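What follows is a single structure, written as structure tokens, with notes after it.
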Amino acid sequence: MSALQMTQGHAAHGGHDSHSSHDSHGGEARTTMGFWIYLMSDCLIFAVLFATFGVLAGATANGPTGRGLFELEFVLGETMLLLLSSFTFGLATLSLNAGKLRHGTGWLLATFVLGAAFVGMEVYEFAELIHRGAVPQASAYLSAYFTLVGTHGLHVSFGLLWLAVMLHQIHHFGLTPVTRRRLACLSLFWHFLDLVWICVFTFIYLREFT
Numbered sequence: 054m055s056a057l058q059m060t061q062g063h064a065a066h067g068g069h070d071s072h073s074s075h076d077s078h079g080g081e082a083r084t085t086m087g088f089w090i091y092l093m094s095d096c097l098i099f100a101v102l103f104a105t106f107g108v109l110a111g112a113t114a115n116g117p118t119g120r121g122l123f124e125l126e127f128v129l130g131e132t133m134l135l136l137l138s139s140f141t142f143g144l145a146t147l148s149l150n151a152g153k154l155r156h157g158t159g160w161l162l163a164t165f166v167l168g169a170a171f172v173g174m175e176v177y178e179f180a181e182l183i184h185r186g187a188v189p190q191a192s193a194y195l196s197a198y199f200t201l202v203g204t205h206g207l208h209v210s211f212g213l214l215w216l217a218v219m220l221h222q223i224h225h226f227g228l229t230p231v232t233r234r235r236l237a238c239l240s241l242f243w244h245f246l247d248l249v250w251i252c253v254f255t256f257i258y259l260r261e262f263t
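Each residue of the sequence shown is one higher than the one before, starting from 54 at the first, in the numbering used here.
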């Protein structure tokens with residue numbers, strides 16, 4: 054093979070690598086942008102639910118109010134679990150970015166346990182309210198409450214499923230560019246739910262006791 058042919062072959066190969074790299078970066082940018090658009094749509098959903106609750110907060114139909122239904126210490130425990138899970142997720146991200154796979158997956162497992170405990174406490178709270186007759190159809194206030202808090206709980210449950218899938222993928226495939234990108238999106242989603250819950254805790258629970 055002549056030197057000219059070798060040069061042309063290397064140039065063509067280099068051009069192909071450059072094109073593949075460009076496609077990879079372009080796909081990553083599109084994924085990130087698409088996920089941010091999804092988060093913005095979720096923001097709109099929660100904004101509507103918060104606005105609905107604000108309008109219906111006084112429509113108790115002469116039934117129990119939040120002060121008579123909620124246990125602030127219990128909800129504060131829920132809040133601490135979710136805040137701590139956000140912290141452990143941050144530690145997982147730092148560990149994985151540093152190449153510490155075992156530490157990273159350990160922190161992700163801790164995040165899963167804390168998130169599952171949060172969902173379990175929320176289900177227990179709903180069951181107790183229903184047992185006491187505070188069902189969604191009892192008043193517009195309770196309908197708005199169950200819808201808002203339940204929607205957040207469903208999001209956390211979906212996040213736990215996503216987290217379990219990511220743990221499986223990391224275990225079998227390691228930290229590939231694809232798993233890193235998916236973990237980055239999951240991190241945004243998880244921290245977003247943390248921020249939404251702070252608003253829920255302040256707007257629904259804390260206001261009843263201040």
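Each residue gets a CB set at the ideal place from its N, CA and C atoms; glycine is no exception.
Keep in mind the model is a prediction, meaning the values are calculated, not measured.
Member of the options whose CA lies at the smallest distance from the CA of residue i
i, options, result
"glycine 212", "Val172, Leu182 and Ala180", "Val172"
"threonine 158", "Leu259, Ala112 and Thr232", "Thr232"
"leucine 162", "Ile98, His221 and Leu259", "His221"
"methionine 174", "Gln190, Ala237, Val202 and Asn150", "Val202"
"tryptophan 250", "Gln190, Ala170 and Glu131", "Glu131"
"phenylalanine 88", "Glu261, Arg235 and Pro230", "Arg235"
"threonine 84", "Arg260, Pro230 and Val218", "Pro230"
"leucine 154", "Thr263, Tyr258, Phe262 and His225", "His225"
Limits of the alpha helix (DSSP H) - the one that residue i falls within
i, result
"leucine 136", "125-150"
"glutamate 175", "154-184"
"leucine 122", "119-122"
"arginine 234", "230-253"
"valine 209", "193-226"
Cβ-Cβ separation, residue j to residue i (assumed contact under 8 Å), whole Å
i, j, result
"valine 317", "histidine 205", "Only positions 54 to 263 of the chain appear in this structure, which leaves residue 317 out of reach."
"alanine 112", "serine 210", "Actually they are not in contact, since the Cβ atoms of alanine 112 and serine 210 sit about 28 Å apart, beyond 8 Å."
"tyrosine 194", "alanine 110", "6 Å"
Check whether the stretch 115-122 touches the stretch 178-198, counting contact only when three or more Cβ pairs, one atom from each stretch, lie closer than 8 Å. Three or more pairs of CB atoms, one per stretch, sit closer than 8 Å, so the stretch 115-122 contacts the stretch 178-198.
Is it a yes or a no for the stretch 236-255 touching the stretch 133-150, going by three-plus beta-carbon pairs under 8 Å? At 8 Å Cβ cutoff, the stretches touch.
Taking one C-beta from the stretch 180-187 and one from the stretch 100-111 each time, how about it: are there three or more such pairs within less than 8 Å? Output reads no: the stretch 100-111 does not touch the stretch 180-187.
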